[in-house]
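Those protein sequences? They're chains A and B, same order as listed.
Here our numbering runs 707 ahead of the position in the first sequence, where the first position is 1.
Here our numbering runs 10 ahead of the position in the second sequence, where the first position is 1.
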Amino acid sequence: MIVCVAVVGHQNNPLYIQSFTEADDVLKLHHIVHCSLDVVDERVNNPKKSSPTLNETFLGLLYPTENYKVYGYLTNTKVKLILVTTDLDVRDADVRNFFRKFHAAYVDAVSNPFHVPGKKITSRTFAERVSTIVKSFGLSSAS
Amino acid sequence: MEEYPEELRTPPVALVSLVGCPDLHATVTTHLHSQQPPLNALALPDFSKISMISRPPKDASLPPQPVAGILKKDWLLKHRTRVPAVVAALFSSDHVSGDPAQWLQVCTDLENLKGVLRGRNVKLVVVVVAPSNSKDYLSEDRMIALRKRAELDSKYVIIFVPSETELQQLGNTFSELANSFYKDEGRRIKARLEKKNFHSAELNIRCCFKAAVYAEFCRDWTEALRLYEDAYHAVREMVAASTRLPPIQRLIEIKCVAEQLHFKISTLLLHGGKLAGAIVWFRQHYASYRKLVGAPEVIFLHWEWLSRQFLVFAELLETSSVTSQHVSPSVPDATDRATEWEFHSAYYFQLAAHYLKEKNSSLELAQSLSETSGEVDGNAESVTAAAYIGQFAKLLEFGDTFVMQSLSDEEYARYALAEGKRFRDSHEIIALLKRCFEAYNKDKASRMAAFCGFQMAREYFTVDEYSHAKEVFENVASLYRQEGWVTLLWNVLGYLRDCSRKSAVVKDFIEYSLEMAALPVSTNVAGQRDCGPAGPASIAQREIIHNEVFSVIRGASESEPTEENSSLIVTADNPLYLEIDLVSPLRAVLLASVAFHEQVVKHGAETVISLSLLSQLPLNVEIDQLEIQFNQSECNFVIVNAQRSHLAAISCLQPGRRVETATTLELRTNKWLRLTYNVKPEQSGKLECIYVTARWGQHFTICCRAESPASMSDLPLWKFEDIMQTIPMKDPGLAFSGQKAVQVEEPDPQVDLKLDSSGPALVGESFIVPVIITSKGHSVHSGELKINLVDTRGGGLLSPREAESFSSDNLHVELVGVSGQESEDLSNSENIRKIQPSFGLISVPFLNEGESWSCKLEIRWNRPKPIMLYVSLGYFPQSTELSSQRAHVHKSLQIEGKTAVVMSHRFMLPFRREPLLLSKTKSVSDSDQIPCLPLNETSMLVVSAKNCTEVPLRLLSMSVEAVDASTCDVKSKSKDPEEPVLLVAGEEFKQVFAVTPEVNLPNLNMGIVCLRWRRDHGDGERLATCSTASAVVTKHSLPDVNVEQPPLIVSLDCPPHAILGNPFTYSIKITNRTQFLQEVKYSLADSQSFVLSGPHNDSTFILPKSEHILGYKLVPLASGFQQLPKITLTSVRYSAGFQPSVAASTMFVFPSEPHFGLKDSGEMRVEPVAAE
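Printed below as a string of structure tokens:
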């Protein structure tokens, strides 16, 4: 189950962060997302020679915490998309698929002429769309 | 890792026992230690001590007991320190070859030793120690007897003579035997394993462990690793199966054994460089035991155990960190791929701390439960570790004997709880977090570090170490501020606020409270668990904080002091002053934007200033009083809130300060409070608004640095928020380009400054620049004239090469002096304050309105150079200097400096008279050689001076100043002009001097030509200026000349002109000036224009000091300029030829007798210029 998704801007500031848990551990998820930015930085600054392509946007598993797995995605405009999940067995393809949809939603949200680039995303439509994607993530992995 | 016994932490070292000959033990032991691989030695001084390595008697009659545990605690230690692999019996050679009694003793000792060793397969070596020279004296049969008694192969009965090589051999034998011992033992155990002749899993694990240890002894790491892994897996299988112990203790034992096995495996993997493998192994270990939490009452033991796993692995990683940098995660399986942080020890430290914290909280819970149930544990101290790893037993005392009794689970839980109380884990957690905080910082993972720092500070906070907590929280908060993680920042600030509240630091408390109240916390983040003392981040909470802080600010009078706020009061004794600068996090609390409506303002005129204040506090704030501060403090003013003027502290104002009253000074959330006032600057220059100070009550002040709207940056955290943004000023132009500073102009000068100049300046003359000051409205008080000479091309007026020797000669252009008006001479008066070569400062006397004053600047050019002359006049329009502003007038003028005259010179010999100068004949080609002059012959010097300016000049005189009159006679051939010669632009003036050298010198200094001249001012001005404008002397130094004694002089003699058909005489006179007879060859070439009579070719001798004349009669055949027949003379002695120049051998032939107008022209001669 996805517990948290986030969009992080150029200055590593959160543009959108939403948790999907019953338990009130929002703060902890914020910490996890924030810490995962270090891994993103490291991946971006020291790309591995073995990585398949330089243009790969999907950063893969960023780091496992005790209960969560954190995945990252870096758009061409250097906006970071972060996913925190409690599933221990996640297929890479599912995550990629999720990020592709999430990215599309983000692009649509910032293409809104009333959105000021660099500001937080407050669009309700975006939030609804993201929560739909998050819900469908669990379904697609089950199928 | 330090908790583990040493034998577990270090790789096993084989043990050798030495018996007998104690004096040799030290040498042998040291050698064995230094061997590669090293051997440990168990030294027994004599054979009576051998019983300690004997096997304890086993009572075979007892039935096989049920297995009581998995691993015996002391087994490893025993094999490391007590059970040797090899026993070396050392006998002295004296004893072996000595009398029968000694021999018998040797035999007995050997028998005893064999008896002891029989049970274990310990290898035996007999060493006969011989003195260095008596190796051969040992009897052969005694040795054979010894060998037979020992039942040993001959190579294990060694005759040992102490020396380095023998020691080496001995060591090799020992290690070989030890290796075979461990191998045998291992083989034996493995055979058991293969046969599977044991009934319980415990024995299986034990055998695997033992075999692995033996393999380690043999340094067979792969085998050891495999066996350890087998043991580990067997332990894992036991979890569900075993029922031997009560469930809690069973799990404890299993975990304890698994921990040790895991430790061994990790160590072996890491030492083998398999970093990725070790990490994968650890992950599996963690995954398989993570869920085995055990019984709920001792759940803290599980967390502690888990924490220890992470800590130990972190320490292991750290010790092998050298390799970790180079090993890249290369496990191909994508799901198993380790992420970056799993290679950093900090990750494990962090989790260790996390689980330790978990342990802490569950321990507290368990303790509170046990306290409520009222159990008091009295016999905890009697519980001790049992003989098996991970087991505990009660030690019961029966008189002198101690009996171990197994524990029930309840007893054990009580014991564990009591043990848990004894340790304070907070400091351990802090230490762990500090380690990973530092490690993450080192790896530049600032966010991870911040998270660790946050946890660390929280731990400090719980143990009431507020100063430490504050320091770390501050550090963390700055990162969150910078990256705009508002929720996290809110949380940290909440802790910080509580820290300052608890340590009663009012200023910090108010700063943090204000910052929190002004944080852009959105509404959707609500209902958080573990949100710290700040409460959930929400607008409601912000408002609560806002009200709380303003009640403190307003003083306790408005609100009842709560218990915890009692120390936080702002009073007269404890006033508070906050300063908000451009980088302060409190900018969101109060932001002051100040703009002048104009960029430049006239002196004495009023200008308008707009003042805008913005606050992001959640509730409206009423300011009591505002003070606007400028760099010119006279302009400062105060704005008082009309509604709260009774509260405002007017008393603290300085008297005479301007006070404005505003109807309201209420700051609304995210709304600019705009105020506009007039300001009248008092001084010229820059007027800048520096601070806007807001006051609440009498004792609370926020001093906010004023910002220009043009260069104002966004509010750090609010800029990410999607809120309405408004411009600070109503006028958008002002909002985007307004400045907080205005330029105040100087008062306009009403005085004319005029510089005159008459064309270019000439090098050498004193160039006069008149300066005229005319007052046109202002009277001039204490005027000052500043004069500056500046090179137009930049650079100084000195040439760089000459800069070191600063003297007036080196200056290209210098200010020589200033002369006053007409007859008034300023040079001695006090008015000239300062004159320097390129700078002058002159006082101007008082001038009334309409008056004028002038002076003349005298500037001398030493080199041609264009310069800029800057003259500036500063004065006070009023007589009282204090009140008025100095006015300035500036003027500049570019002046070219030019060379006036260029002089050149030329030497000429007399016409048709040619001395033979030997030095000339030698190097003809050298053009720049010094000129040669014949001794005692008169030569001509033509000096010309050319005017290269556009200005007409008057030449006064030209003369040659000889250095020494006796060496050379120079006479002017033309008379000095009586009145100065006018030399217009481009004209050349020539003067001829006769030069007769009188001394034969190779380098004769001819002296200097001095030309005196002055500028021509035209006829009308002449009389006036002649007296004042002194002559300028331009000097031209003549080159050195070479004076020579000519041996021969040839002169051609012929009439100045001829008439067609009339014969004339052409004679060539050769004078010999030497003491020798000179032979001269000559030849005369025919000329078409003349008929000639006389010798053509001949050679002749000329007597010393005499002359020879060749005479010819010529009849001209053609008229016009005709070439005379060319004579060629050759001096045989000097091998020097002579040919007259073309000019010298040309003459004019008239067609008939010319008729000149003058009567006495019959005698007229066309005198050549250089003729005598």
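Think of the CB as a built atom: it goes at the ideal place given N, C-alpha and C, for glycine as much as any other residue.
Asked	Found
Whether glutamate 1054 of chain B touches glycine 1017 of chain B by CB criterion (9 Å)	no
Nearest residue (CA-CA) to leucine 744 of chain A, options A/Val733, A/Tyr780 and A/Phe844	A/Tyr780
Interface positions of the stretch 718–751 of chain B facing chain A (Cβ-Cβ less than 8 Å), listed along the chain	Lys729, Phe730, Glu731 and Asp732
Residue nearest to glutamate 407 of chain B in terms of C-alpha spacing, selected from B/Thr394, B/Ala704, B/Ser1097 and B/Tyr425	B/Thr394
Helix, strand or coil at lysine 875 of chain B [DSSP, three-state]	coil
Contact under 9 Å by Cβ, leucine 1058 of chain B with proline 1150 of chain B	no
Rounded distance between the beta-carbons of glycine 774 of chain B and valine 1019 of chain B, thought under 8 Å	So it is not a contact: roughly 15 Å between Cβ atoms.
CB of glycine 996 of chain B within 9 Å of CB of lysine 956 of chain B, strictly	yes
Exposure of glutamate 812 of chain B, with buried meaning 16 or more beta-carbon neighbours within 10 Å	Note that glutamate 812 of chain B scores a pLDDT of 45, beneath 50, so its modelled location is shaky; the value from the coordinates is reported in the next line. Per the 10 Å Cβ criterion, exposed.
Own chain partners of glutamate 670 of chain B with C-beta closer than 8 Å, once the 5 adjacent residues on each side are dropped	Phe647, Val648, Ile649, Val650 and Tyr687
Below-9 Å beta-carbon distance, asparagine 680 of chain B vs any chain A residue	no
Whether arginine 678 of chain B touches proline 738 of chain B by CB criterion (9 Å)	no
Identity of the residue in A/Thr784, A/Ala834, A/Val712 and A/Val777 nearest proline 824 of chain A by Cα	A/Thr784
Closest by C-alpha distance to serine 603 of chain B, when choosing among B/Asp591, B/Leu235 and B/Arg424	B/Asp591
Per-residue contacts from cysteine 711 of chain A into chain B (C-beta, under 7 Å)	In chain order: nothing, as chain B lies at least about 12 Å away.
Three-state class that DSSP yields for asparagine 752 of chain A in the structure shown	helix
Within chain A, partners of phenylalanine 461 of chain B - CB distance below 8 Å	His738, His741 and Cys742
Complete runs of the beta strand (DSSP E) confined to the stretch 1003–1077 of chain B [at least 3 residues]	1018–1025, 1042–1047, 1052–1054, 1058–1063 and 1067–1069
Serine 817 of chain B in three-state terms, based on DSSP	The pLDDT assigned to serine 817 of chain B is 46, lower than 50, so where the model puts this residue is not dependable; a value taken from the coordinates is nonetheless given after this. Serine 817 of chain B: coil per DSSP, three-state reduction.
The stretch 997–1008 of chain B contacting the stretch 947–956 of chain B, beta-carbon criterion three pairs below 8 Å	yes
Local conformation of glycine 494 of chain B per DSSP, three classes	coil
Contact with chain B by glutamate 749 of chain A, beta-carbon distance below 9 Å	yes
Residue range of the beta strand (DSSP E) that includes tryptophan 291 of chain B	First-last for tryptophan 291 of chain B: 285–300, but that is the alpha helix (DSSP H), not the beta strand (DSSP E).
Delimiting residues of the alpha helix (DSSP H) encompassing cysteine 446 of chain B	435–452
Exposure of glutamate 1163 of chain B, with buried meaning 16 or more beta-carbon neighbours within 10 Å	exposed
9 Å Cβ cutoff, tyrosine 775 of chain A in contact with chain B	no
Near-chain A residues of the stretch 351–375 of chain B (beta-carbon distance less than 9 Å), N- to C-terminal order	Trp351, Glu352, Tyr357, Leu361, His364 and Tyr365
Cutoff 7 Å; reference tyrosine 476 of chain B; Cβ partners in own chain excluding five residues on either side	Cys509, Lys512 and Ser513
Three-state secondary structure (DSSP) of tyrosine 14 of chain B	coil
Burial state of alanine 605 of chain B (16 or more Cβ within 10 Å)	buried
Cross-chain neighbours of threonine 764 of chain A in chain B, by beta carbon under 9 Å	Chain B residues near threonine 764 of chain A: none, gap ~17 Å exceeds 9 Å.
Residue-level contact to chain A via CB, valine 496 of chain B, 9 Å cutoff	yes
Among B/Lys265, B/Ala1154, B/Asn1072 and B/Tyr1092, nearest to leucine 1127 of chain B - alpha-carbon criterion	B/Asn1072
Identity of the residue in B/Pro847, B/Val980 and B/Asn1052 nearest leucine 927 of chain B by Cα	B/Asn1052
Beta strand (DSSP E) segments (min. 3 residues) lying fully within the stretch 699–754 of chain B	710–715 and 751–754
Exposure of tyrosine 774 of chain A, with buried meaning 16 or more beta-carbon neighbours within 10 Å	As written in the sequence, residue 774 of chain A is asparagine, which differs from the tyrosine given in the question. Exposed.
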